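1 is the number of the first residue of the sequence shown in full-length UniProt numbering; add one for each residue after it. Cβ coordinates follow ideal geometry from the N, Cα and C atoms, glycine included. As the structure is a computational prediction, the values presented were derived from the model and not from experiment.
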Amino acid sequence: MSAPTDGPAAAATTPASGLPADGLSAADPQAEFREFFERHHAELARLAHLLLGSSDGADDLAADALVAVWHRWDRVRVAEHPAAYARGVVANLARSRIRSLVRERRRVALFSSERSDRVDDPDVSAVVDVQAALVRLPFRKRACVVLRHAFDLSERDTARTLGISVGTVKSQTSRGIAELERLLGPPDDETERPAAGTQAQAPPSAPSAQETVRGLRPGRVGHAGHPGGNG
């Protein structure tokens, strides 16, 4: 996707207090947005990928978010945190996309239930990596965990991005990490018991859920099906 070339009037001005916190230049709006696009498109696509749980549609969702940002660029460009605004748009679009998919799957389930009395639950043992585990979290917990640990945002910046309180960020992140620990850990019935007369050995230490999610930070995501570079 290339940056749009038409949009808000060129009369938009930079506030007297100085440049936005994201360091945008005082050039014309089109040049500013082009710079913003080049700097943040890959990051927003990665965020969309992690929130959707799939690379399918992530680039399109990031592009839709940037189009929405462009249409409001006369206000976004003078905001204190333009990138946080863009991340919030991605989060809102991802939430809407997921809700649409859930509704569609429910409709499909209604039709399929006429041919089958039950649908097997997903195999928890098949959850073998953090992205698969993230998809199993409720959206708000997933978004908090991704922004805090994969994107290394502060609690305040995460709250600003999602439009929630810092306290909610803390609780949702903590609960999300706890759920990830459970999903990523071995099933209880796979814990080996020592044979009679032998001493139990401590299992090898596994990385924590936080460390695993941090492995998805920009520059490390490419192995999972989405570009990991910065553009």
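In this structure, DSSP gives Val78 a state outside helix and strand, which the three-state scheme calls coil.
If you check the CB distance, Ala150 and Arg214 come in under 8 Å. Here the C-alpha atom of Val146 lies approximately 18 Å from the C-alpha atom of Ser96. For Arg99, the closest of Asp64, Cys144 and Leu51 by C-alpha to C-alpha distance is Leu51. Counting C-beta pairs closer than 8 Å gives three or more between the region 78-87 and the region 158-174, which meets the contact rule.
Residues of the same chain with a CB within less than 7 Å of the CB of Ala94, apart from the 5 flanking positions on each side, are Ala48, Leu51, Leu52 and Leu61 in chain order.
In this structure, the beta-carbon distance from Lys170 to Glu181 does not fall below 8 Å. Of the other Cβ atoms in all chains shown, fewer than 16 fall within 10 Å of the Cβ of Gly185; this residue is therefore exposed. Under the three-state reduction of DSSP output, Ile98 falls in the helix class. Taking the CA atoms as reference points, Gln172 sits about 10 Å from Ala178.
In this structure, DSSP gives Asp64 a helical state, which the three-state scheme calls helix. Between the alpha carbons of Ala143 and Ala31 lies a distance of about 31 Å. For Leu134, the closest alpha carbon among the candidates Gly167, Gly176 and Leu153 is that of Gly176. DSSP places Ile164 outside both helix and strand once states are collapsed to three, so it counts as coil. Taking a C-beta distance under 8 Å as the contact criterion, Trp73 and Phe33 qualify as a contact pair. DSSP places Leu147 outside any alpha helix (DSSP H), giving it a letter other than H or E. In the three-state scheme derived from DSSP, where H, G and I count as helix and E and B as strand, Asp152 is classed as coil. For Pro138, the secondary structure class from DSSP, reduced to helix, strand or coil, is coil. Following the DSSP letters along the chain, one finds Arg39 inside the alpha helix (DSSP H) bounded by residues Pro29 to Leu52. The beta-carbon distance between Ala68 and Val89, rounded to whole angstroms, is 5 Å. This is short enough to meet the 8 Å contact definition.
Of the residues assessed, Arg75 falls on the exposed side of the cut-off, its CB having fewer than 16 other CB atoms within 10 angstroms. Minimum Cα-Cα distance from Phe139 among the listed residues Val130, Ser165 and Ala91 corresponds to Ala91. Nearest in C-alpha terms to Ala45, of all of Gln210, Leu66 and Arg136, is Leu66.
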